[in-house]
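**Q** For the sequence shown, the UniProt record's numbering gives the first residue as 1, with consecutive numbering after it.
We put the CB at the ideal spot given by N, CA and C, even for glycine.
The structure presented is a predicted model; accordingly, all values stated were derived computationally and were not measured.
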Amino acid sequence: MVAQGCDAEAAARGGDIPHDHLFKVTGLSSNNLQKLAQDTAPVVSDFEAAIAATQYGRFNILLLACSLPAFWSAVSVTSSVSYIFTRAKCDMNLSLLDMGTVTAITYAGMIMSAMIWGFLSDTLGRRYIMVWGFLGAGVLEVAAALSQSFAMLLVTRFFCGFLFNGPFAVLLSYIAELHRTEHRARALLLTSMFYTLANTTLPLLAWAFLTHPEWDVELFGGQIGEF
C-alpha cells in the first residue's frame, strides 16, 4: 500500500522527477524525452486531406486521358449491336425476337455481375480489376465480332457485359477518389464529355465500314479474307 501510494504520488508529480533520475533510468534527459515523444507521435489525417496534399498534376491528366478508350469501349459494348443488325439478320437469319435478345443479353450480363464485381474490387484492388477486366472484355468483343452463329453471338455478348460492368464501374470510382473535392466534380463532368464523344465516333465508324459492300484484306501478299 505504501509503494502504491508513492507511485500514485510520483505520477501526480511527474514534473517533479529529478533529471538525474530520468537519465539513470532511460539514459535521456527530460528535454530529450519530450522531444522524442513529439517526434514519434503519429500524424493522423483523413483520406480527403491526403488527396488534397497531392494536389493536381500530370498523374491526374494521364488518368483522364487513359479513361477515354474505356468510354469508347462502353459505347461499343452497349450500342454496337444496333449497327450490325443490318448485316447480321441476313447472315444469321435473325428474327425480331433474336435481335431483341442479343440487345438485352448484354445488360443481363451486367446485372448478374454487379454484386460479384463489388466484392472483387474491394478484395483484389481496383487497378487489378480494371486491367484484367478490360482486357477480358476486349478479347470477348473480338470474339463477338467473329461470331458465325446466333448462339456464339449470344454467348459472347453476354460475357462481354458480364466482364465489362465491373471494370467500368470501378473506373468511375477510381477517378473520383483520386481527385480532391475541388476537382472531383470537374473530372466527372469531363468523363461525361468523353462518353458523348464516344457516342459520336461509333456511328462514324459504322458508316465508314458498313457502307462498303466488300472488304478485301491482304497479308504477306495473299488474300486472307473478304467481308
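Look up Thr86 in the DSSP assignment and say whether it is helix, strand or coil.
**A** In the sequence shown, the residue the question calls residue 86 occupies position 86. Three-state DSSP puts Thr86 in a helix.
**Q** Buried or exposed: Cys160, going by 16 or more other Cβ atoms within 10 Å of its Cβ?
**A** Here residue 160 refers to the residue found at position 160 of the sequence shown. It is buried - the Cβ of Cys160 has at least 16 other Cβ atoms within 10 Å.
**Q** Please list the segments of the beta strand (DSSP E) lying wholly inside the stretch 166-219, counting only runs of 3 or more residues, in order along the chain.
**A** If we require 3 residues or more, the beta strand (DSSP E) runs fully inside the stretch 166-219 come out as 216-219.
**Q** Taking buried to mean at least 16 other C-beta atoms within 10 Å of its own C-beta, is Pro167 buried or exposed?
**A** Along the sequence shown, read from residue 1 onward, the residue named residue 167 stands at position 167. By the 10 Å Cβ count, Pro167 comes out buried.
**Q** Do Leu163 and Gly136 come within 8 Å of each other at the CB atom, strictly closer than that value?
**A** Position 136 of the sequence shown, counted from the first residue, corresponds to residue 136. Position 163 of the sequence shown, counted from the first residue, corresponds to residue 163. Yes; because the gap between Cβ atoms is below 8 Å, this pair is in contact.
**Q** Which word fits Val142, buried or exposed, when buried means at least 16 other C-beta atoms lie within 10 angstroms of its C-beta?
**A** Position 142 of the sequence shown holds residue 142. Val142 comes out exposed.
**Q** Residues in the same chain with beta-carbon distance under 6 Å from Thr211, minus the five sequence neighbours each way, listed in chain order, please.
**A** Within the sequence shown, residue 211 is the residue found at index 211, counting from 1. If we look at Thr211 and ignore the five residues flanking it on each side, it has no Cβ neighbours.
**Q** What does the Cβ neighbour count give for Asn165, buried or exposed, with the cut at 16 atoms within 10 Å?
**A** Reading the sequence shown from its first residue, position 165 is the one you call residue 165. Counting Cβ neighbours within 10 Å, Asn165 comes out buried, since at least 16 surround it.
**Q** Does the beta-carbon of Phe194 have 16 or more other beta-carbons within 10 angstroms, so that it is buried, or is it exposed?
**A** By one-based count along the sequence shown, residue 194 stands at place 194. Buried, by the Cβ-count rule.
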